[in-house]
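These notes are about the structure you will find just below.
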Amino acid sequence: MNTHNMVTHSRITCKALLPYWKEFCDFKRTNEAFVDSDKLSKLNRFRARHRLATKLTGIHAEGISEQTLRGYTAGLKLMLAYSAAEILGSALDNPVTQWEIIEPHLALLLRRILNQAGTSKEILFSKGQLKNRLEDFLKGTTDDVRIAATALRVMVAHGTFTPSGTDSLTAKGAQTVSQLADLMLKTAEKHFADYVIIEISKRIR
Numbered sequence: 001m002n003t004h005n006m007v008t009h010s011r012i013t014c015k016a017l018l019p020y021w022k023e024f025c026d027f028k029r030t031n032e033a034f035v036d037s038d039k040l041s042k043l044n045r046f047r048a049r050h051r052l053a054t055k056l057t058g059i060h061a062e063g064i065s066e067q068t069l070r071g072y073t074a075g076l077k078l079m080l081a082y083s084a085a086e087i088l089g090s091a092l093d094n095p096v097t098q099w100e101i102i103e104p105h106l107a108l109l110l111r112r113i114l115n116q117a118g119t120s121k122e123i124l125f126s127k128g129q130l131k132n133r134l135e136d137f138l139k140g141t142t143d144d145v146r147i148a149a150t151a152l153r154v155m156v157a158h159g160t161f162t163p164s165g166t167d168s169l170t171a172k173g174a175q176t177v178s179q180l181a182d183l184m185l186k187t188a189e190k191h192f193a194d195y196v197i198i199e200i201s202k203r204i205r
């Protein structure tokens with residue numbers, strides 16, 4: 001592992017693909033009280049996870065079919081993107097489960113994937129608020145694709161997301177999951193940018 005790229009609690013690295021990260025770094029450098037150490041640690045972790053999710057291009061494994069690897073790559077990218085959003089939400093006191101991302105066309109494609117999950121979906125989401133929200137999503141009551149992202153992230157983490165058991169095995173299905181991951185990253189970028197702009201503007205009045 002390259003230790004030069006490791007995130008620490010007390011240091012920030014300003015070279016990043018994340019919009020407004022440089023502005024955040026520059027302002028932090030001249031305004032030490034801008035952000036406390038706990039929030040800084042979380043924001044550093046968010047940036048690192050965001051970068052990994054953005055840079056992920058594929059998984060390579062000997063003896064595994066290209067179709068299977070394509071599905072797992074999409075699933076892993078979504079898990080990383082969701083994790084980045086989750087860390088940012090914690091840092092900004094704006095939990096990712098409260099985000100709303102309305103995308104009707106993408107929602108339609110994601111319903112096909114989730115419906116392919118069959119019994120594994122029913123076992124994982126047998127009770128609780130996520131079950132109710134997921135039911136609303138699958139019925140078309142809402143086109144909030146963040147709900148689908150949460151459900152798929154849980155399935156990936158619990159090992160019930162398998163390319164052979166979902167539509168993600170197809171090129172179109174994998175592209176849909178990857179598109180959802182990209183949308184989670186873009187939404188996280190927007191939340192971070194808003195945070196930086198608002199916090200800086202409050203201090204330069």
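The sequence shown: position 194 = 194 (the UniProt record's numbering), numbered continuously.
Don't be surprised by glycine CBs; every beta carbon is placed ideally from N, CA and C.
This structure is a prediction, so every number in the text was calculated from the model and none was measured.
Check each candidate in the options and name the one with the smallest Cα separation from residue i.
| i | options | result |
| --- | --- | --- |
| residue 76 | 50, 63 and 94 | 50 |
| residue 181 | 101, 135, 64 and 42 | 101 |
| residue 70 | 172, 86 and 98 | 172 |
| residue 174 | 45, 112 and 85 | 112 |
| residue 184 | 85, 27, 23 and 68 | 85 |
| residue 192 | 66, 67, 33 and 95 | 95 |
| residue 42 | 89, 153 and 105 | 89 |
Can you tell me whether residue i is buried or exposed? The criterion is at least 16 other CB atoms within 10 Å of its CB, across all chains shown.
| i | result |
| --- | --- |
| residue 38 | exposed |
| residue 141 | exposed |
| residue 201 | exposed |
| residue 178 | buried |
| residue 31 | exposed |
| residue 29 | exposed |
| residue 57 | exposed |
| residue 64 | exposed |
| residue 61 | exposed |
What residues are listed by DSSP as bridge partners for residue i?
| i | result |
| --- | --- |
| residue 144 | 102 |
Taking Cβ to Cβ, would you say residue i is nearer than 8 Å to residue j?
| i | j | result |
| --- | --- | --- |
| residue 107 | residue 143 | yes |
| residue 53 | residue 81 | yes |
| residue 79 | residue 145 | no |
| residue 91 | residue 46 | yes |
Taking the C-alpha atoms as reference points, what is the distance between residue i and residue j?
| i | j | result |
| --- | --- | --- |
| residue 189 | residue 103 | 17 Å |
| residue 97 | residue 134 | 12 Å |
| residue 204 | residue 83 | 32 Å |
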